[in-house]
Amino acid sequence: MKIPIHPNLAAAAGAGWFLLASGCITMPWTPAPYRLEIVGIEDKEVTAALAALTDLPARPAKPDQDPRRLERRYRADAAKLQRYLEAQGLARAEVSLDIEQKRKQSVIRFTVSGTNVYTVRSVKVTGWDVLPEQWTHQLVGQPLSYARIDEAGRRLVRALQNQGYPSAAVEHKTVGLDHETQEAEVRYSVQAGAPAVMGSWQVDGLKRVDPRFVERRVPWVPGDVYQRSLVDQFSRQLSESGLFSYVGVSRADEDARTGVYDVAVHLKERRRRTIGVGAAYQSDTGPEARLQWQHRNLFGMGQKFELDAKYAEDLWLGLAVLTLPDWLRGDQDLNLGVKASEESTDAYLVRYGKVFLTVQHRWSESWSGTFGPALRESVSEQLDADEAYLQVSFPVTLFWNGRDDVLNPTRGFGVAGGIEPFYDLEEQFGFFKSMVTPAVYLPLAGETLVLSSRLTLGSISGVSLDGIPPDLRFYAGGGQSIRGYQYQSVGPREEGRPVGGKSLVEASVELRWRFWRNLGTVVFLDGGSAYEPEISDFRESFQWGTGLGFRYFTGVGPVRIDVGLPLNPRDGIDNDYEFYISIGQAF
């Protein structure tokens, strides 16, 4: 049976399992009697995306199914493929369905024709003269894409709303096709609406939060020209405060003719106290348990108090932090904390206590930083030698976050860098410790297939290795470093035990595939080492590890299970494999 499917203008996307072949895609399913073929498309990425849209992987056709039911079911699939192709600029594409029933294995075949790509020749806008800078470049000269046309329309509306027109809208948009030149003309009809200025704000839903906390986050003065970005910023800051389970920001005055945009803020407060538990396991360090307690509104102005305890076979750690928001200015917080820990590893035994004051500053959504003094007292044992240290430091860190998600990034770029000067109050000498870690996330097939990479560089200068407390030196190896090698095992060694170094180089590449709803897998390659000089001389062997991982995606981040294998293992040091279980991606 041959069923033609007529064009529609919409967009669709999806994900699934697939196997590529030249010019077509074949998906054998055992013991399912049907296989899927998509022919007529040479682009393998497009072919794979089409295959992911079909219903066959999720519900394999059964051998005894009524052919008419199969026809109805896969006719709907053909329509989805049609819409996807049109959204990619194949304005005259057609998809036909052919079901071949055979004794051993039947075929469900989608044939694509009319795949000529149209190019946008011009863009015209009626109803508004001042267009956003570089706005037309998003479309002109580009392949016709209805998804891109919709996005450009949203950008146009947002530009109008940021110029004082809260009711701006695109009334309709049309696409004219020139079949001879295979070019397209896109037309938008815009209704700007009445202009407005920012007005007052009204808040409801507050119980324990002081109204001044909300007032401090209002980014406009009554009488300012209306800007949608200011309203969004206000809503975002309230949401990110962590005090509210619901934040609704809307126009209070339903009569837009007044020309004043008064804001109504509807809030629902979260519970003030939270208890959190966590667990992890690594084959080199054993099980780990974590308990957290938080009071997020201690005195009514969002003051937060946190207690954090961690326990493992060779580690205990306690942390208490008081956070004062809006310290001296609205984009700045003050943290006052105390920390104590004891850790016993193959490299050292250390006990330390630390008090610190840290200022957190936010320059923008992407840029942030911290700085502040700390006092640290520690006792370390390494190679049967005990040392006591009393040190002050002043760490300064900078963060650039261009990622789409913290626990499970799928696109963007991030970098963290910092320098911490130390001064030993007893021995009267100082040194500097610095690190930088950039990371890149490239979507290869939307959020389904992501290539991620990370580089870490570190250096300690101004002192010999013996003058640095063992736990402040650089080590490599472990689940957050080079998978496949034991924790802190890579780098300089003495008497068969790691002693750490003054410099560090680490690199990681990971291919992440979310193949089915909440399930994913990764393949990774890690490499690196610590070195004795403050600038890596690569005299230590650069250790490489590879392996596979499994991901189960949850609302709080993916559950991570990785198995790492050393590619160049060292005799008598490295195991055949190491495995790791935790929450969140490796980086």
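The numbering of the sequence shown is our numbering, which starts it at 73 and goes up by one. C-beta: ideal position from N, C-alpha, C; glycine also. As the structure is a prediction and not an experimental result, all values here were calculated from the model.
* **Complete runs of the beta strand (DSSP E) confined to the region 430-460 [at least 3 residues]** => 439-443, 446-454
* To do: Would you kindly report the start and end of the unbroken beta strand (DSSP E) that includes residue 412?
  => 404-416
* Using 8 Å as the Cβ pair cut-off and three pairs as the minimum, do the region 561-576 and the region 595-611 touch? -> yes
* Asked: How long is the line joining the alpha carbons of residue 485 and residue 474, rounded to whole angstroms?
  -> 5 Å
* residue 528: which of 126, 204, 487, 501 sits nearest, CA to CA? -> Here the closest residue by C-alpha is 487.
* Considering only C-alpha positions, which residue in the set 280, 296, 257 is nearest to residue 271? -> 296
* Compute the Euclidean distance between the alpha carbons of residue 279 and residue 367, then round it to the nearest angstrom. => 16 Å
* Can you tell me where the beta strand (DSSP E) with residue 630 in it begins and where it stops? -> 629-638
* Should residue 289 and residue 306 be called a contact, given that it needs their Cβ atoms to be closer than 8 Å? -> yes
* **residue 209 - partner residues in DSSP beta bridges** => For residue 209, which the question treats as bridged, DSSP gives no partner whatsoever.
* **Local conformation of residue 361 per DSSP, three classes** => In the structure shown, residue 361 falls within a strand segment according to DSSP collapsed to helix, strand and coil.
* Spatial distance of residue 372 from residue 385 (CA atoms) -> 39 Å
* Collapsed DSSP secondary structure at residue 498 in the structure displayed -> coil
* **Identity of the residues DSSP links to residue 618 by a beta bridge** => 597, 637
* Asked: Apart from the five residues just before and just after residue 489, which ones in its own chain have a Cβ nearer than 6 Å to its Cβ?
  -> So the qualifying residues of the chain are 470, 508.
* To do: Leaving out five residues on either side along the sequence, give the residues of the same chain with a beta carbon under 6 Å from the beta carbon of residue 427.
  => 410, 447
* From residue 391 to residue 459, what does the alpha carbon distance come to, in whole angstroms? -> One C-alpha to the other measures close to 24 Å.
* Asked: Which of helix, strand or coil does DSSP assign to residue 659?
  -> DSSP places residue 659 in coil when its eight states are reduced to three.
* To do: Helix, strand or coil for residue 536, going by three-state DSSP, please let me know.
  => coil
* Helix, strand or coil: which one does DSSP assign to residue 305? -> helix
* For residue 347, count neighbouring Cβ atoms within 10 angstroms of its own Cβ and tell me buried if that reaches 16, exposed if not. => Residue 347 is classed as exposed because its beta carbon has fewer than 16 other beta carbons within 10 Å across all chains shown.
* Does the region 452-466 come close enough to the region 430-441 to have 3 or more Cβ pairs within less than 8 Å? -> Segment contact: the region 452-466 against the region 430-441, fewer than three CB-CB distances shorter than 8 Å; contact not assigned.
* Nearest to residue 545 by alpha carbon, out of 564, 229, 110? -> 564
* Where the beta strand (DSSP E) containing residue 248 begins and where it ends -> For residue 248, the uninterrupted beta strand (DSSP E) run begins and ends at 241-250, by DSSP.
* Considering only C-alpha positions, which residue in the set 505, 451, 406 is nearest to residue 443? -> 406
* Asked: From residue 292 to residue 451, what distance separates their C-alpha atoms?
  -> Going from the Cα of residue 292 to the Cα of residue 451 covers about 52 Å.
* In terms of residue numbering, what span does the beta strand (DSSP E) encompassing residue 471 cover? -> That run of the beta strand (DSSP E) goes 468-473.
* To do: May I ask whether a heavy atom of the ligand GDP can be found less than 7 Å away from the beta carbon of residue 450?
  => Within the structure as shown, the ligand GDP is missing, as the structure has no ligands at all.
* To do: Please check the pair residue 231 and residue 267, which I expect to be a contact at CB under 8 Å, by giving their CB distance rounded to whole angstroms.
  => Contact doesn't hold; Cβ gap of about 14 Å is too wide.
* Asked: Which partner residues does residue 520 have in the DSSP bridge list?
  -> For residue 520, which the question treats as bridged, DSSP gives no partner whatsoever.
* Could you give the C-beta distance for residue 648 and residue 560, rounded to a whole number, given that I count them as a contact under 8 Å? -> Between residue 560 and residue 648 the Cβ distance is about 19 Å, and since that is not below 8 Å, they are no contact.
* To do: Verify whether the separation of the beta carbon atoms of residue 125 and residue 113 is less than 8 Å.
  => No, the pair does not count as a contact, with Cβ atoms beyond the cut-off.
* Starting from residue 218, trace the alpha helix (DSSP H) both ways and give me its first and last residue. => 218-233
* To do: Using alpha carbons as the reference points, say which of 150, 580, 416, 195 lies closest to residue 184.
  => Comparing Cα-Cα distances from residue 184 to each of 150, 580, 416, 195, the minimum goes to 150.
* Go through its chain and collect everything with a Cβ distance to residue 360's Cβ below 6 Å, but skip five positions before and after it. => Correct list, in chain order: 352, 384.
* To do: Identify every residue that forms a DSSP beta bridge with residue 507.
  => 490, 530
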